[in-house]
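So the structure is just underneath, and the comments pick up after that.
Protein chains: 2
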Amino acid sequence: MSDETAPPLPPLKLRRLAIDAYGEVVAYLPRHSSLYRAADFQALSKVELVAGDKRLVAVLNIVERSDWLAPEEVGVCELGFRLLGLPDGSPVGVVQAPPAKSLDHVRRKIQGHELTRAELGEIIRDIADHRYAKTEIAAFLISSASFLSTEEVLGLTEAMAAAGSRMDWGDGMVVDKHCIGGIPGNRTSMIVVPIVAAHGLTIPKTSSRAITSPAGTADTMEVCARVDLGIEAMREVVKAEKGCLVWGGHVNLSPADDRLIAVERPLMSDTAEQMVASILSKKLAAGSRQIVIDIPVGPSGKVRDRAQAVRLKKLFEYVGDRIGLCLDVVIGDVLQPVGRGIGPALEARDVLKVLSNEADAPADLRDRALLLAGRILEFDPALRGGAGVVRAAELLASGEALEKFLRIVDAQGKPPAAVSLGKLRHEVRAPRDGTVAAIDCFRLSRIARLSGAPSDKGAGIDLMKKLGDTVEQGEPLYRIHACLAADFHFAVGTADEDSGMVIEGTR
Amino acid sequence: MSDETAPPLPPLKLRRLAIDAYGEVVAYLPRHSSLYRAADFQALSKVELVAGDKRLVAVLNIVERSDWLAPEEVGVCELGFRLLGLPDGSPVGVVQAPPAKSLDHVRRKIQGHELTRAELGEIIRDIADHRYAKTEIAAFLISSASFLSTEEVLGLTEAMAAAGSRMDWGDGMVVDKHCIGGIPGNRTSMIVVPIVAAHGLTIPKTSSRAITSPAGTADTMEVCARVDLGIEAMREVVKAEKGCLVWGGHVNLSPADDRLIAVERPLMSDTAEQMVASILSKKLAAGSRQIVIDIPVGPSGKVRDRAQAVRLKKLFEYVGDRIGLCLDVVIGDVLQPVGRGIGPALEARDVLKVLSNEADAPADLRDRALLLAGRILEFDPALRGGAGVVRAAELLASGEALEKFLRIVDAQGKPPAAVSLGKLRHEVRAPRDGTVAAIDCFRLSRIARLSGAPSDKGAGIDLMKKLGDTVEQGEPLYRIHACLAADFHFAVGTADEDSGMVIEGTR
């Protein structure tokens, strides 16, 4: 029926552009492409690159200068280049990227409809497969931030777990712990895992790196050992030592969750429902079945009051029950940073002091770790009810926990670099005589982050005073450590504005 | 109180990078910056560039190769370079960009709260000032897509109008028209404006360019005249001729709306509330007070049924009343494209045929234009009630409208280029004998867009058959025009899949 047949299109040449767009997949077309007109793609601001059976959806940017990108080339950022998996210079076609079909479900969610598990599954698969631009991920996050039914939380959890790798540990009991985060210095996992593993339970712990905080458990553990183990290496460590402390990002347990978090954090949109789906999907994928969930409650934590904590606990329990996870949710008041250090090296120091039973080990970190370890040990049917915390304390006091920790460190391998504390130092001092009446965890996290943590493992804050301590005017409250002049500048400037500590006068 | 003073930071050198990120402001830091560590900024994925009193918030990308960006440089995209307004090589500092304070209001909106006018004002100002990343704009759009109270629509409208330029036409009556869009070929403004101006009313019409459609009125008008006039030039034209047809993007009436639309369209999130605020904010800023709003209703238009149209009408009227606009909202069934052409040059041809009273001028385009012009003329107190459409028809038939159009064209200036119809042509033919039973406006718009419209003004679709026409098998239904091989390829391929026209057998 055609008057003319559409001429076949010669492809463009793929060009790897060394740009990291923080998780966004970006393609670059020259303004004066030999083949396409950039403006034609403007409507959706997305394109699809096609080469044989390989396809890649990307956000489009236009390069104006032809000395950067030749008219017959199409560029992709580092992530896109990796996902496409083709050599530089490969022939690649460019087509309009129709919006992912699952965006129709997102639109229905925006209109207030409840989504089915199948619909949530399609959304999550598209997100995991990098078919959503960040704006589209934001649309999904916000649409589900205002309301998610418990059925939807369940569907989301299962969909996120299904989109990644899945670990299977056979028939034995597999335990785990997870803290919802928000409290600086709360590095209990590095104490709990060796205690539990020393007792003989299997605890394949994966942890996150910090995104907005000054340290994640993976960052702190990396001061002592390698943490970027693949699934097989992780399995070996657990087989030999019963426990591990590795970075979850490398074992790809929930790639959709990793993408959601990358958009969620800058937006600071992190509802109870999203948190439960995020955490439990990773636990489901990691193959753990008995899990202690730690919900610290405090004025500057993620959960501000008991009522909110109880609602969160019930949501965890509801979803956990439905997906076959046995959860023990621990709610505890935490009014200040745990331990004395904030930042990887300083936190690792605290952890080692506790494991080594040193006299000046931070008691609050030890007590929280023993409480949580005890709750996990209670999963062991052989243990007498209520004996968990006693057993945990024994394993710590006897040095068995330290020995286990060192064996795990040894099994995981050497850390990538030796760490020393940041040489740029500044002491923040008490403006008056009095008592430490309040500590703002947000503020201290921000200052520690600005000081360079976790990029510089030796950067952060070392607390010299904690709640209730008496201070004299001019006495140091905490010390800032930094490695880089710019970081030091930002951190000190921010601490000078507001130290994050309230000193009330004694009179 | 400091042990050491924070060392002053030597600034980086600003480097203009010739990249167009489609409305996103992007800054590029070298991975191995001499001064900063890219990873430190990862948490928020945004930075703020600072130079004296100039500040620019930008989404951060990292450039891995130092031969693209030197360690002492910081790159910005074209838009960022323009906004910053500094010469290439200027010293610029980089700091963490704290999230805009107004994002707290967005978060409250997500939680279901109603926002005050002051809060909406802060959000809109930050968006207009390029302080929101696209993900943040998406968050605001989606949070307000699920529910906006009429008070909020009002607040949003006023805030958007206040964020841009404002035109004042003195005491005389200033009329305008606006169509909510969605129907291809519905180019009534180019007929209505000359009729109304010929009658003697002031009608300073600004129009949009197409974003996702094959032509906006500004694109079609640009076939005949220059449309990118600044505010002063527009004022001159209106002073001389009573009317104009210029591109609204150049007169900066609602910069926040321009940014919202850039994110909204790819997400295809465009609720009644957002539409009303978007349209009325621009009218308020343009200084029009009496406005006819055209709501076409049809199965493939933006508004699908009468009930939806009536709700939209009432929302327009409510907000219009509160902000001092006198609105006449016209609801009309439109089941197919208006006129015969889809795409700037083809639509301009239809308009000129109507203005010239040619025998084969599309009757539907003429009738719709006369109806709308008549409703606007009714605003004239000197005109006898009900006489508007008769007067409009007189002005068209007498040639006064054509003369006025040519004078407006002359006043606005020559178009940027002479336009001829795309030379690549393909006729889509009837698969069987029968009658045209349905025409899918979405599909035809998409095909016309793929053919290169509006980038190529000569590209688009020329309809040979419309609803109710009888056709024989093999007879042309429409002709696709394209200028570029790639476009031709996409458009013909899409039309071959599904022509967008349903032919029902006669038997």
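If you're matching them up, the sequences are chains E and H in order.
Quick note: to get the numbering used here, add 554 to the position in the first sequence (first position is 1).
Quick note: to get the numbering used here, add 554 to the position in the second sequence (first position is 1).
Ideal Cβ placement from N, Cα and C applies to all residues, glycine included.
Note that the coordinates shown come from a computational prediction; the quantities given were computed from them, not determined experimentally.
For L978/H, the enclosing beta strand (DSSP E) begins and ends at 978–983. Contact check for R585/E against E626/E fails: the beta carbons are separated by 8 Å or more. T670/H counts as exposed, since fewer than 16 other beta carbons sit within 10 angstroms of its beta carbon. Taking the Cα positions, L931/E is about 8 Å away from A941/E.
Contact annotation for Y590/E against chain H: A1040 [CB-CB distance below 7 Å, chain order].
Taking the Cα positions, A605/E is about 36 Å away from I833/E. In this structure, I847/H keeps its C-beta atom at 8 Å or more from the C-beta atom of V857/H.
Between T689/E and chain H, the shortest Cβ-Cβ separation is below 8 Å. Closer than 9 Å at the C-beta level to chain E, one finds these residues of the stretch 798–826 of chain H: A816, V817, R819, P820, L821, M822, S823, T825.
When D964/E, S910/E, G841/E are compared, the shortest CA-CA separation from A716/E is found for G841/E.
Its chain contains P768, I896, G897, G1014, I1015 as the residues whose beta carbon lies nearer than 6 Å to that of A1002/H, once the 5 sequence neighbours on both sides are disregarded; these appear in chain order.
Sequence-ordered contacts of the stretch 702–733 of chain H with chain E are nonexistent [C-beta pairs closer than 9 Å]. Contact between I737/H and V888/H holds, with the beta-carbon distance rounding to 5 Å and staying under 8 Å. For S700/H, the chain E residues whose Cβ falls inside 8 Å of its Cβ are I664, Q665, G666, S697, S700, in order along the chain. At least one beta carbon of chain E lies nearer than 8 Å to the beta carbon of R619/H.
In the DSSP assignment, M714/H falls within the alpha helix (DSSP H) that extends over 704–716. Straight through space, the alpha carbons of V611/E and G976/E are spaced by roughly 42 Å. For the stretch 742–795 of chain E, the full-length alpha helix (DSSP H) segments reaching 4 residues or more read 743–753, 771–775, 785–795 along the chain.
F996/H is outside the set of residues whose beta carbon lies under 8 Å from a beta carbon in chain E. Taking a C-beta cut-off of 9 Å against chain H, the contacting residues of the stretch 1005–1028 of chain E are G1006, P1008, S1009, D1010, G1028, listed in chain order. For L838/E, the closest C-alpha among the options A624/E, F870/E, V851/E, L866/E is that of F870/E. Interface with chain E (8 Å Cβ-Cβ cutoff): Q862/H is excluded.
Under the DSSP definition of a beta bridge, G629/E partners with R569/E, Y582/E. At least one beta carbon of chain E lies nearer than 8 Å to the beta carbon of Y576/H. Scanning the stretch 870–898 of chain E from its first residue to its last, the whole beta strand (DSSP E) runs of 3-plus residues come out as 880–887. Burial state of H659/H is buried, judged by a 10 Å Cβ sphere holding 16 or more other Cβ atoms. Contacts between K600/E and chain H, judged by CB atoms closer than 9 Å, involve P820 in chain order.
Contact of L669/H with chain E by beta-carbon distance below 7 Å is absent, the smallest such distance being about 14 Å. The contact set of L614/E on chain H, defined by CB atoms closer than 8 Å, consists of Y576 in chain order.
I785/H is outside the set of residues whose beta carbon lies under 8 Å from a beta carbon in chain E. Rounded to the nearest whole angstrom, the C-alpha separation of G878/E and G928/E is 22 Å. By the criterion of at least three beta-carbon pairs nearer than 8 Å, the stretch 911–930 of chain H is not in contact with the stretch 1039–1047 of chain H. Within the stretch 644–656 of chain H, V648, V649, Q650, P653 place their CB atoms closer than 9 Å to a CB of chain E, listed in sequence order.
Nearest CB-CB separation between F635/H and chain E: not below the 8 Å threshold.
Looking at the backbone, the Cα of R860/H and that of L866/H are separated by about 10 Å.
The C-beta of Q828/H has 16 or more other C-beta atoms within 10 Å across all chains shown, which makes the residue buried.
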